[in-house]
Amino acid sequence: MKVLGIETSCDETGIAIYDGSSNKIISEKLFSQAAKHADYGGVVPELASRDHVKKLIPLLSETIKESGINADALDGIAYTAGPGLRGPLLTGAALAQSLGLGWDIPCVGIHHMEAHLLINLLEDPAPSFPFLTLLISGGHCLIIRANNFGEYKVLGQSRDDAVGEAFDKVAKLLDLGYPGGPKIEELATRGDPNAFNLPRPMTKEAHLDFSFSGLKTAVLYAFRSEKNPSDTFKADLAASFQEAVADTLFLKSQKAIAQNGLDQLVIGGGVASNKYIRKKLIEGLKGNKIFFPPLNRCTDNGAMVAVTGHYRLSKKNISSNIVIRPKWNLSEL
Amino acid sequence: MANILAIETSSDACSLSLLFHNSEYHFHEILPKQHTERLLIEIKRLLRLANAELKELDAIAVGCGPGSFTGIRLACSVAQGLAFSNDLKTIQVSSLEVLAKNIYDKFKSEDIVSIVNARMKQLYVGEFLYSEQGLIKANLFVSPIEGFELKAYNKNTFFVGDGCVLIEKRLNKISKNLLVNLPSAKDLLELAKDKYAKDELLDPSKLLPVYLSGEEQWKKA
Chain A
99 MKVLGIETSC
109 DETGIAIYDG
119 SSNKIISEKL
129 FSQAAKHADY
139 GGVVPELASR
149 DHVKKLIPLL
159 SETIKESGIN
169 ADALDGIAYT
179 AGPGLRGPLL
189 TGAALAQSLG
199 LGWDIPCVGI
209 HHMEAHLLIN
219 LLEDPAPSFP
229 FLTLLISGGH
239 CLIIRANNFG
249 EYKVLGQSRD
259 DAVGEAFDKV
269 AKLLDLGYPG
279 GPKIEELATR
289 GDPNAFNLPR
299 PMTKEAHLDF
309 SFSGLKTAVL
319 YAFRSEKNPS
329 DTFKADLAAS
339 FQEAVADTLF
349 LKSQKAIAQN
359 GLDQLVIGGG
369 VASNKYIRKK
379 LIEGLKGNKI
389 FFPPLNRCTD
399 NGAMVAVTGH
409 YRLSKKNISS
419 NIVIRPKWNL
429 SEL
Chain B
629 MANILAIETS
639 SDACSLSLLF
649 HNSEYHFHEI
659 LPKQHTERLL
669 IEIKRLLRLA
679 NAELKELDAI
689 AVGCGPGSFT
699 GIRLACSVAQ
709 GLAFSNDLKT
719 IQVSSLEVLA
729 KNIYDKFKSE
739 DIVSIVNARM
749 KQLYVGEFLY
759 SEQGLIKANL
769 FVSPIEGFEL
779 KAYNKNTFFV
789 GDGCVLIEKR
799 LNKISKNLLV
809 NLPSAKDLLE
819 LAKDKYAKDE
829 LLDPSKLLPV
839 YLSGEEQWKK
849 A
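Chains A and B, in that order, are what the protein sequence lines are.
Heads up: the first sequence begins at 99 in this note's numbering, then just goes up one per residue.
Heads up: the second sequence begins at 629 in this note's numbering, then just goes up one per residue.
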């Protein structure tokens, strides 16, 4: 089965075609709007929606062309139905369902988080069920136990800011611009990760939930304590913040591994592209099998939607109407 | 004659017209906040009614706004998808002209101003001048409700659109010709026939909403 995947839940427009028989993505295109939203200090949903409508058809044409197959060889379509931003979600949903009607093939709305989780099954070696997943992005921070396709249990999640959101807010405080993740990572390479003693929120408790707003506030107070913050001061603060986040993610992952008796941990989401956090988790969790998708598959993309669509379409739970679920919970699957 | 599907969802009206083998089929209902769930269902119903298949169409016409951002994006995305998958052309029409077309055809008025509620205390305005040959001049812009300038209009001017109610008292002092219509796909279809005849056709990738309002308003001060 060949499945077209369409991702528009936030500010990336992603299109890909997955071939189930070879378990491979045969072509994919991605357009990131990050540069545009940088002018506004964060994602503006209305502008993101406008860009998706402009980019979807050109990316779709290119993806089909590069795949070397004809559109009539497609067996199904998948789009991200949620969770995500309402306006952007709707652009992908409307296009996907009308293509489905136009080609007369089934179309399914998939869960964004399941997509981040299942994309790892394309890798070699791939994790095998059951495994743990740490999803860290601008919109989410979750630890999930994946028992099988479609069988997920959310073990813990952020009670306030998502981890990527904390990066963005700290970057804004340090006047580094948007998106904050890469900017902080770059600045932190020149700083001392132990210069500031920042909290590791909720790491002493047994549960697996996260909280990043306190850490963010601690960074704010540290920043305000200095009247004339030098470049070194800022670099030290960025490095200490990144260290606190990495440490928190490590401690929670370690706890999840111990509590569940599983030794496979898959790490996905945009923040998983942070090389410092990767290194810290790989070193800290030695002895376990840690999986990272390639960098371009950490952030939102069409490939993960196509892969998840392939699995969902084989289940045949499909609606032919434009449906989005901006606040869809993974446990409802 | 060409076979054309017309989609107009820029207002609370979910409006569709289909011209197929010289017969016309229409759907027009006021469906606030239900366009997303109803649009594809109604398109399928209209096609079935006409015993038509998408691939038998020549073009899909869309009222591209200005109007509800969600509504015009929905119409464009759906038209893009239907047209792309069946190698059809698309036709872009201003929703303000759709409103004016209705008045021109009904009343033969030559000076028509479409006024649509743009929210955030603003109006979308389309000034249309017609002669016996049809439309000769069009001017589209956004205006704040407060500062909307009426000097250029007179007792023969015909005002149309849901934005009229926001400034009804002021408009009544100028002209008694006022109709609070919503744009209809039936009128859109008439305009689309003209455009099809003149070969004003777009590839689906070029069919985009017309917002009129720019991106500046989202910039934080």
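Ideal placement from N, C-alpha and C gives every residue a C-beta, glycine not left out.
Sixteen is the threshold: since fewer than 16 other Cβ atoms of the shown chains lie within 10 Å of the Cβ of W846 of chain B, the residue is exposed. For N245 of chain A, the secondary structure class from DSSP, reduced to helix, strand or coil, is strand. Burial check for S759 of chain B: the Cβ neighbour count within 10 Å stays below 16, so the residue is exposed. Judged by beta-carbon spacing, L172 of chain A lies beyond the 8 Å limit of T111 of chain A, meaning their Cβ atoms are not closer than that value. For the pair of segments examined, the segment 690-709 of chain B was found to touch the segment 828-837 of chain B: the number of CB pairs separated by less than 8 Å reaches three.
Counting of Cβ neighbours within 10 angstroms places I658 of chain B among the exposed residues, the total staying below 16. Chain B has a Cβ within less than 8 Å of the Cβ of L197 of chain A.
Flagged as an interface residue toward chain B: T189 of chain A, by a C-beta distance shorter than 8 Å. Three or more Cβ pairs closer than 8 Å define a contact, and the segment 732-750 of chain B meets that threshold against the segment 783-798 of chain B. Under DSSP, the beta-bridge partners assigned to D117 of chain A are A:K100, A:K122.
DSSP places E725 of chain B inside the alpha helix (DSSP H), whose first and last residues are 723-735. Under the 8 Å criterion on CB atoms, N419 of chain A is classed as interfacial with respect to chain B. Assigned with DSSP and collapsed to three states, D739 of chain B falls in strand.
For the set B:E681, B:D790, B:L668, the Cα lying nearest the Cα of L751 of chain B is the one of B:D790.
In terms of beta-carbon proximity, C642 of chain B stays away from the interface with chain A, with every pair separated by 8 Å or more. Under the three-state reduction of DSSP output, T637 of chain B falls in the coil class, being neither helix nor strand. Under the Cβ distance rule, E843 of chain B counts among the residues neighbouring chain A, one pair being separated by less than 8 Å. The criterion of a C-beta distance shorter than 8 Å is not satisfied by E144 of chain A and N399 of chain A. Considering only B:L647, B:N809, B:E774, the residue with the shortest C-alpha distance to M748 of chain B is B:E774. Here DSSP, grouped into helix, strand and coil, assigns V838 of chain B to coil.
In this chain, the alpha helix (DSSP H) harbouring G312 of chain A covers 311-322. Between the C-alpha atoms of F227 of chain A and K378 of chain A there is a straight-line separation of about 25 Å. Against chain A, the beta carbon of L668 of chain B has neighbours under 8 Å at Q195, S196, L199, S418, N419, I420, listed in chain order. Distance from I113 of chain A to K100 of chain A at the Cβ level is roughly 13 Å; contact not present, criterion being Cβ atoms closer than 8 Å.
From the beta-carbon of L145 of chain A, the residues of chain B found nearer than 7 Å are E843, W846. Around the C-beta of P225 of chain A, 16 or more other C-beta atoms lie within 10 Å, and the residue is accordingly described as buried.
The C-beta distance from A354 of chain A to L428 of chain A rounds to 16 Å, too long to fall under 8 Å, and the pair is not in contact. Proximity of the segment 254-266 of chain A to the segment 307-326 of chain A meets the contact definition, three or more beta-carbon pairs being nearer than 8 Å. Contacts between P156 of chain A and chain B, judged by CB atoms closer than 9 Å, involve S833 in chain order.
Bounds of the beta strand (DSSP E) holding L763 of chain B are 762-772.
Beyond the five residues adjoining it in sequence on each side, N767 of chain B comes within less than 6 Å, by CB distance, of E755 in the same chain, given in chain order.
In the structure shown, the three-state DSSP call for Y250 of chain A is strand. Residues of the segment 706-737 of chain B with a Cβ closer than 7 Å to any Cβ of chain A, in chain order: V706, Q708, G709, L710, F712, S713, N714. Within the same chain, and ignoring the five residues on either side of G407 of chain A in sequence, the residues whose Cβ sits closer than 6 Å to its Cβ are V101, G103, A176, V206, I208. Between L644 of chain B and L685 of chain B a beta carbon distance of about 13 Å is seen, past the 8 Å cut, so the two are scored as non-contacting.
Beta-bridge analysis with DSSP links L646 of chain B to B:L633, B:Y653.
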